Amino acid sequence: MTEPSGADGSFTFTFDGVPVRGVPGQAIGAALLVAGIRSVRRTPGGSERGMFCGMGVCFDCIVLVDRSTVRSCVTSASPGLVVSRLDGGAHADR
Amino acid sequence: MRTADVVVVGAGPAGMHSALAAARTARDVVLIDSGPAVGGQYYRHPADGSSLHIGAPIDRRHDTLVRLRAELEASTAVTVLPSTTVWHAAAADVGAVLHLAPVGGGQTSSLQARAVVLAPGAYDLALPIPGWTLPGVMTAGGAQAMLKGHGALLGRNVVVAGTGPFLVSVAAALAGAGATVAGVFEANRPTRWARHLPAVAVSPDKLLEGARLARLLRRHRVPVHFGHVVTQVLGTDAVEAVVVERSDHRGSNRSSSAREIAVDAVCLGWGFLPQVELAVALGCDTHLDRSGLAVVVRVDGDQRTSRPGVFAAGEITGIGGADLSAVEGRIAGLAAAASLQGTPPVVRRVTRAERARRRHFAAALSDAYPLPRDWTSWLHSDTVVCRCEEVPRASIDESIHRLGASDVASVKSLCRTGMGYCQGRMCDFAVRTIVTAATGRPASHRDALVYRPIAVPISIAALAAGDAEET
Numbered sequence: 111m112t113e114p115s116g117a118d119g120s121f122t123f124t125f126d127g128v129p130v131r132g133v134p135g136q137a138i139g140a141a142l143l144v145a146g147i148r149s150v151r152r153t154p155g156g157s158e159r160g161m162f163c164g165m166g167v168c169f170d171c172i173v174l175v176d177r178s179t180v181r182s183c184v185t186s187a188s189p190g191l192v193v194s195r196l197d198g199g200a201h202a203d204r
Numbered sequence: 002m003r004t005a006d007v008v009v010v011g012a013g014p015a016g017m018h019s020a021l022a023a024a025r026t027a028r029d030v031v032l033i034d035s036g037p038a039v040g041g042q043y044y045r046h047p048a049d050g051s052s053l054h055i056g057a058p059i060d061r062r063h064d065t066l067v068r069l070r071a072e073l074e075a076s077t078a079v080t081v082l083p084s085t086t087v088w089h090a091a092a093a094d095v096g097a098v099l100h101l102a103p104v105g106g107g108q109t110s111s112l113q114a115r116a117v118v119l120a121p122g123a124y125d126l127a128l129p130i131p132g133w134t135l136p137g138v139m140t141a142g143g144a145q146a147m148l149k150g151h152g153a154l155l156g157r158n159v160v161v162a163g164t165g166p167f168l169v170s171v172a173a174a175l176a177g178a179g180a181t182v183a184g185v186f187e188a189n190r191p192t193r194w195a196r197h198l199p200a201v202a203v204s205p206d207k208l209l210e211g212a213r214l215a216r217l218l219r220r221h222r223v224p225v226h227f228g229h230v231v232t233q234v235l236g237t238d239a240v241e242a243v244v245v246e247r248s249d250h251r252g253s254n255r256s257s258s259a260r261e262i263a264v265d266a267v268c269l270g271w272g273f274l275p276q277v278e279l280a281v282a283l284g285c286d287t288h289l290d291r292s293g294l295a296v297v298v299r300v301d302g303d304q305r306t307s308r309p310g311v312f313a314a315g316e317i318t319g320i321g322g323a324d325l326s327a328v329e330g331r332i333a334g335l336a337a338a339a340s341l342q343g344t345p346p347v348v349r350r351v352t353r354a355e356r357a358r359r360r361h362f363a364a365a366l367s368d369a370y371p372l373p374r375d376w377t378s379w380l381h382s383d384t385v386v387c388r389c390e391e392v393p394r395a396s397i398d399e400s401i402h403r404l405g406a407s408d409v410a411s412v413k414s415l416c417r418t419g420m421g422y423c424q425g426r427m428c429d430f431a432v433r434t435i436v437t438a439a440t441g442r443p444a445s446h447r448d449a450l451v452y453r454p455i456a457v458p459i460s461i462a463a464l465a466a467g468d469a470e471e472t
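Respectively, the protein sequence lines represent chains A and B.
Each step along the first sequence adds one to the number in our numbering, with nothing skipped, and position 47 is 157.
Each step along the second sequence adds one to the number in our numbering, with nothing skipped, and position 201 is 202.
Right under this line is the structure:
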């Protein structure tokens, strides 16, 4: 699934340490979808969640980037970005 | 603080047309959108030359976007502020003070608008059903946004369900991009259109668009099942199947007809809810729309709200689609610019006539695609209604029947519905429906959880940092 930087400007970022290919302008959540990753976090109640509204309204697809939670559906992926899952518990400080 | 003559919030069809119309006479027009480029949800697209385009282009709307974008770029009066959120609006004697924050964090700022046009658009109305929180379930608008804007398909084997012509549009786009669409399950039947033939007759473009989409679905062998609803999504950690049931002409479903279809993704679309928070913050009068579902902003013939210097256009005045939004936007832009001189706008009669025709069609659409009347019976006691706070149906029922809650606000304070990240945008409608059904009180726009001081959640850090220094 992972390829070196391509002619289309594609790049690699990581999700919980796993390399994922992204394209400039592509949201983190979309790149994850293309890579076959649909569950992006586990709720404090223990259920898996992914993108739902796809336009920044529902906050279901939040992920951790640089110790902040961001909406993966409206936050662009970028080369080398380190993204991780929220796994239960309290959400990190926004 | 920076001052502008006319500030337009939202750069979808209504906002782009507003800004261009205002720029005919106003000298300093600012067009703000949270997206990285103009276009909004309707004209959602990847950047030019991006490899994110997948599937065949399904319509000619991109040409319209290119033209509007070129006009905006050519205008010396219009400044576009992309990737910017208006997180709060404060009323002024005339116009408003808008509080801005960059999407993705950064320095906040304020902007004084002598006149403001609110054109923030809408988001999908989501109805909770068992399993709707599983990864692989998306709103129809969300699935479309991921496909058109980001080159991502939500699944390989998909069903599209809910009501309204948008379902067909999404199904055609998904199929065109290579997904197998196992079926479109439309809750209503086309016979509901019989009473609205005059509205269709004066909007032949809509008829042609419908016929074109129907042809596309046939080409991709996508079956459309009228009078069917998806009542449940099954799966452990992601979507594995859906339960489909037939519904009768009154919208009651028959569980005896239930069957399972194995899929890996589901698109649900039940219509749209407008983003009225900024209008509410500014004190604009609101009311429930024709369907009784959505809180919308009241406007006069020149798209004026009840607040001086505040105008509204597009979905925020009633869900009506891109064409109605565009014409309302033109009128609002002209009116906002004219208000700077204290004069009424000069609006051509054909423009007003087009708005009337588009509204007529929107009303027919609303009547032809009602929600199933007993959709709350699909909820089990453990079905999560508030996704953010993971509040099940049983907790809402307990708040009402055991703890005596008789309105949405009391339910919220007792069981936390609408208190999470989305501030009730996803569950407010469902909770309102459950409460009004239980108490027998008629639904009122005052019950809706749209009365939020902060229109878009922003970080405490951004708030604490305060506005940028005056420059």
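Beta carbons: idealized from backbone N, C-alpha and C, even for Gly.
From a predicted model like this one, the values you see are computed outputs, not experimental measurements.
It is roughly 39 Å from the alpha-carbon of residue 124 of chain A to the alpha-carbon of residue 396 of chain B.
Between the beta-carbon of residue 175 of chain B and that of residue 159 of chain B there is about 6 Å, and that keeps the pair under the 8 Å contact cut.
If you check each beta-carbon in the segment 387 to 420 of chain B against every beta-carbon of chain A, the ones closer than 8 Å belong to 388, 389 and 391. DSSP lists A/121 as the bridge partner or partners of residue 132 of chain A. Per DSSP, residue 17 of chain B is not a residue of any beta strand (DSSP E); the alpha helix (DSSP H) it occupies stretches across 14 to 23. Taking 7 Å as the cut-off, the Cβ atoms of residue 389 of chain B and residue 400 of chain B do not count as close. Bounds of the alpha helix (DSSP H) holding residue 213 of chain B are 205 to 220. When rounded, the separation of the alpha-carbon atoms in residue 136 of chain B and residue 240 of chain B is 6 Å. 158, 159, 160, 161, 162, 163, 164, 165, 166, 167, 168, 169, 170, 172, 178, 180, 183, 184, 185 and 186: these are the residues of the segment 158 to 188 of chain A whose beta carbon lies less than 8 Å from some beta carbon of chain B, given in chain order. The alpha carbon of residue 387 of chain B has as its nearest neighbour, out of B/406, B/421 and B/338, the alpha carbon of B/421.
Per DSSP, the unbroken beta strand (DSSP E) holding residue 242 of chain B starts and ends at 242 to 248. No residue range can be given for residue 421 of chain B, since it is assigned to no alpha helix (DSSP H) and is classified by DSSP as neither H nor E. A Cβ-Cβ separation of about 39 Å leaves residue 380 of chain B out of contact with residue 356 of chain B under the 8 Å criterion.
Three or more Cβ pairs drawn from the segment 258 to 269 of chain B and the segment 153 to 169 of chain B lie within less than 8 Å of each other, which places the two stretches in contact. With a threshold of 7 Å between beta carbons, residue 318 of chain B makes no contact with chain A. The alpha-carbon of residue 183 of chain B is positioned some 23 Å away from that of residue 253 of chain B. Distance from the CA of residue 154 of chain B to the CA of residue 180 of chain B, rounded to the nearest whole angstrom, comes to 7 Å. Rounded to whole angstroms, the separation of the alpha carbons of residue 91 of chain B and residue 163 of chain A is 28 Å. Setting aside the 5 residues that flank it on each side, residue 203 of chain B is surrounded in the same chain by 358, each with a C-beta closer than 6 Å to its C-beta; the list follows chain order.
Shortest Cα-Cα distance from residue 20 of chain B to any of B/361, B/86, B/229 and B/339 involves B/339.
A direct Cα-Cα distance of roughly 31 Å separates residue 423 of chain B from residue 121 of chain A. For residue 47 of chain B, there is no enclosing alpha helix (DSSP H), as DSSP marks it with neither H nor E. Here DSSP, grouped into helix, strand and coil, assigns residue 139 of chain B to strand. Between residue 138 of chain A and residue 167 of chain A a beta carbon distance of about 16 Å is seen, past the 8 Å cut, so the two are scored as non-contacting. Going by beta carbons, residue 373 of chain B and residue 385 of chain B fall outside the 7 Å limit.
Going by C-alpha positions, residue 317 of chain B is about 42 Å away from residue 127 of chain A. Against residue 143 of chain A, the close residues of chain B are 147, 151, 153, 154, 155 and 156, in the order they occur along the chain (beta-carbon pairs closer than 9 Å). If only complete runs of 4 or more residues are kept, the segment 300 to 349 of chain B shows the alpha helix (DSSP H) at 322 to 340, in order along the chain. Taking a C-beta distance under 7 Å as the contact criterion, residue 188 of chain B and residue 427 of chain B do not qualify as a contact pair.
The segment 351 to 418 of chain B is shown to contain whole beta strand (DSSP E) runs of 3 or more residues at 385 to 387, in chain order. When Cβ-Cβ separations below 7 Å define contact, residue 423 of chain B makes contact with chain A. Of the candidates B/171, B/38 and B/77, the residue whose Cα lies closest to the Cα of residue 84 of chain B is B/38. For residue 35 of chain B, no alpha helix (DSSP H) run applies, since DSSP gives it neither H nor E.
Listed along chain B is no residue with a C-beta nearer than 8 Å to that of residue 122 of chain A; the closest approach is about 15 Å. Within 10 angstroms of the beta-carbon of residue 261 of chain B lie fewer than 16 other beta-carbons, which makes it exposed. The distance from the Cβ of residue 270 of chain B to that of residue 165 of chain B is about 6 Å, consistent with a contact at the 8 Å cut-off.
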